[in-house]
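Residue numbers (my numbering), protein chains in the order written: chain A, 77 to 227; chain B, 6 to 307. These notes concern the structure reproduced below.
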Ligand SMILES: [Zn+2]
């Protein structure tokens, strides 16, 4: 019953990120640095979903992300849907899109990579968007979806 | 090329390679000069590699430059826990160019971002070793008189061997036909084959030596390393299956040359050494000329 209330509770202005897979929930929070914000937020996970079985949802009052920021979550939640809310109405629906370059979010999976031993902001080129595959600009090795660890 | 770091073979263009090869030729004719008078080159070897370091230091000395640095990290402040970031920042103040070798992959790229002077990568873990590749190109050009339209065989560990990957990238710009001879578990990775397909270049894969090697202009041999195998018996079997022997070269082309980045283990039988087609020892000497060419190009002195 509580879930029901959370799902329908509306925000006046802001962003709703829906269809987040529950296993990506905390990563999405981390990627968007939500802990740094003072805005009102409603966060829910393991909610019933017809499409995903279970899903997570994030409702953020008075927050509108630039594309380049919100697209970062596509790494962990490529099927996430965005609803932009103005005056309790959905004024825009968007999907997230994996960017061409990933800066400072993902850890390089190569234990012998310099980025894992010095204080370096990681940088990757996205070599495949379908099965997300990243190429480290330092060690030139591949980090794939299964081994992707969000910093 | 002036002031540009050389971290990966892809940092330089085809015309850069050709310029460096021409320059190396001129150093081969006249190795000694005073081009580097007043210049200080730092050779930072965070892991020992005597062969590579001596080649660089010989190149600098022949052009009258000075060398500072260390030959392994135990004799430097690195053992006191200094970060690479700090070492590079400090050393940048002392020299005109940094040559570095480091066990971690990506270290040279990182150093080139921090350093106020250009950086030459002399090997970053299993990643890149571009001066080796330029030296391989030089050896090929010198022995074949050209780089275009050659048939290049690569033999041994084609999966992990960084030298074959870099050489493939470089030679893929010269309409090369490739042949890969390797055990199943050490095959050329898919990403390089995709690159060749994209460029419309021909490549053929083989599990053993066959008469096909009579088509070769160059046979590039690599070490098959024990640590790549989980099964020691498999290693022994593989190691012996890929040994190149003199009698196998009987019907090969006149112009064929056999290259190997050295040191070898047993993959080239010693009986090949007397064959004029064996080129691996001369290849080492070419390394000095090519490094003279790289250093002087990057310092803008030629
Ligand atoms: Zn890396």
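Here a beta-carbon is modelled for each residue, glycine too, at the ideal position from N, C-alpha and C.
Contacting residues, own chain, Cβ-Cβ under 6 Å from residue i (five flanking each side not counted)
i: residue 63 (chain B); result: 293
i: residue 7 (chain B); result: 305
i: residue 213 (chain A); result: 199
i: residue 225 (chain A); result: 183
i: residue 3 (chain B); result: Nothing can be reported for residue 3 (chain B): it is not among the residues displayed for chain B, which extend from 6 to 307.
i: residue 10 (chain B); result: 117, 123 and 124
i: residue 77 (chain A); result: At residue 77 (chain A) the pLDDT is 47, less than 50, meaning the model places this residue with poor confidence and gives no usable figure here.
i: residue 211 (chain B); result: 186
i: residue 256 (chain B); result: 219
i: residue 301 (chain B); result: 40 and 307
i: residue 104 (chain B); result: 48, 61, 125 and 127
Proximity test, Cβ basis, 7 Å: residue i and chain A
i: residue 128 (chain B); result: no
i: residue 112 (chain B); result: yes
i: residue 115 (chain B); result: yes
i: residue 109 (chain B); result: yes
i: residue 132 (chain B); result: yes
DSSP bridge partner residues for residue i (one or two, in chain order)
i: residue 208 (chain B); result: B:183
i: residue 95 (chain A); result: Residue 95 (chain A) is not bridged to any residue.
i: residue 132 (chain A); result: A:96
i: residue 18 (chain A); result: Absent from the structure is residue 18 (chain A), since the part of chain A shown begins at 77 and ends at 227.
i: residue 124 (chain B); result: B:103
i: residue 74 (chain B); result: B:48
i: residue 283 (chain B); result: B:263
i: residue 120 (chain A); result: A:133
i: residue 160 (chain B); result: B:186 and B:226
i: residue 189 (chain A); result: B:110
i: residue 17 (chain B); result: None; residue 17 (chain B) has no bridge partner.
i: residue 103 (chain A); result: Per DSSP, none; premise fails for residue 103 (chain A).
Proximity below 7 Å, CB of residue i to CB of residue j
i: residue 74 (chain B); j: residue 47 (chain B); result: yes
i: residue 14 (chain B); j: residue 188 (chain B); result: no
i: residue 77 (chain B); j: residue 50 (chain B); result: yes
i: residue 252 (chain B); j: residue 274 (chain B); result: no
i: residue 25 (chain B); j: residue 298 (chain B); result: yes
i: residue 88 (chain B); j: residue 207 (chain A); result: no
i: residue 144 (chain B); j: residue 280 (chain B); result: no
i: residue 178 (chain A); j: residue 128 (chain A); result: no
i: residue 145 (chain A); j: residue 115 (chain A); result: no
i: residue 153 (chain B); j: residue 180 (chain B); result: yes
i: residue 207 (chain B); j: residue 182 (chain B); result: yes
i: residue 19 (chain B); j: residue 178 (chain B); result: yes
i: residue 284 (chain B); j: residue 264 (chain B); result: yes
i: residue 282 (chain B); j: residue 262 (chain B); result: yes
i: residue 190 (chain A); j: residue 23 (chain B); result: no
i: residue 289 (chain B); j: residue 228 (chain B); result: no
i: residue 205 (chain B); j: residue 215 (chain A); result: no
Minimum Cβ-Cβ distance from residue i to chain B less than 7 Å
i: residue 164 (chain A); result: no
i: residue 130 (chain A); result: no
i: residue 78 (chain A); result: Note that residue 78 (chain A) has pLDDT 49, beneath the 50 cutoff, so the model's placement of it is unreliable and the number below is only indicative. No, no contact with chain B.
i: residue 168 (chain A); result: no
i: residue 215 (chain A); result: yes
i: residue 88 (chain A); result: no
i: residue 190 (chain A); result: yes
i: residue 194 (chain A); result: yes
i: residue 84 (chain A); result: With a pLDDT of 48 at residue 84 (chain A), under the threshold of 50, the predicted position of this residue should be treated as unreliable, though the coordinate-derived value follows. Not one chain B Cβ lies under 7 Å of residue 84 (chain A).
7 Å CB neighbourhood of residue i in its chain, flanking five on each side removed
i: residue 296 (chain B); result: 60, 61, 64 and 136
i: residue 174 (chain B); result: 14 and 15
i: residue 162 (chain A); result: 89
i: residue 106 (chain B); result: 50, 51, 52, 54, 57, 127 and 128
i: residue 164 (chain A); result: 86 and 88
8 Å Cβ shell around residue i - same chain, five flanking residues per side excluded
i: residue 133 (chain B); result: 12, 13, 14, 113, 126, 167 and 171
i: residue 165 (chain B); result: 131, 191, 230 and 233
i: residue 147 (chain A); result: 172, 173, 174 and 175
i: residue 223 (chain A); result: 185
i: residue 260 (chain B); result: 148, 149 and 222
i: residue 169 (chain A); result: 157, 158, 159 and 160
i: residue 61 (chain A); result: In the structure displayed, chain A extends from 77 to 227; residue 61 (chain A) sits before or after that span and is not available.
### Task
Could you tell me whether the stretch 99-111 of chain A touches the stretch 133-148 of chain A, where touching means 3 or more Cβ pairs closer than 8 Å?
yes
### Task
Evaluate the contact criterion for the stretch 148-168 of chain B versus the stretch 218-231 of chain B: three or more CB pairs, one atom per stretch, below 8 Å.
yes
#### Entry: Interfacial residues, the stretch 63-97 of chain B to chain E, with Cβ spacing under 9 Å
No chain E is part of this structure, whose protein chains are labelled A and B.
### Message
Would you call the stretch 90-97 of chain A in contact with the stretch 153-161 of chain A, where contact means no fewer than 3 C-beta pairs closer than 8 Å?
### Response
yes
### Message
Closer than 8 Å is the cut-off here; do at least three beta carbon pairs connect the stretch 36-46 of chain B with the stretch 92-110 of chain B?
### Response
yes
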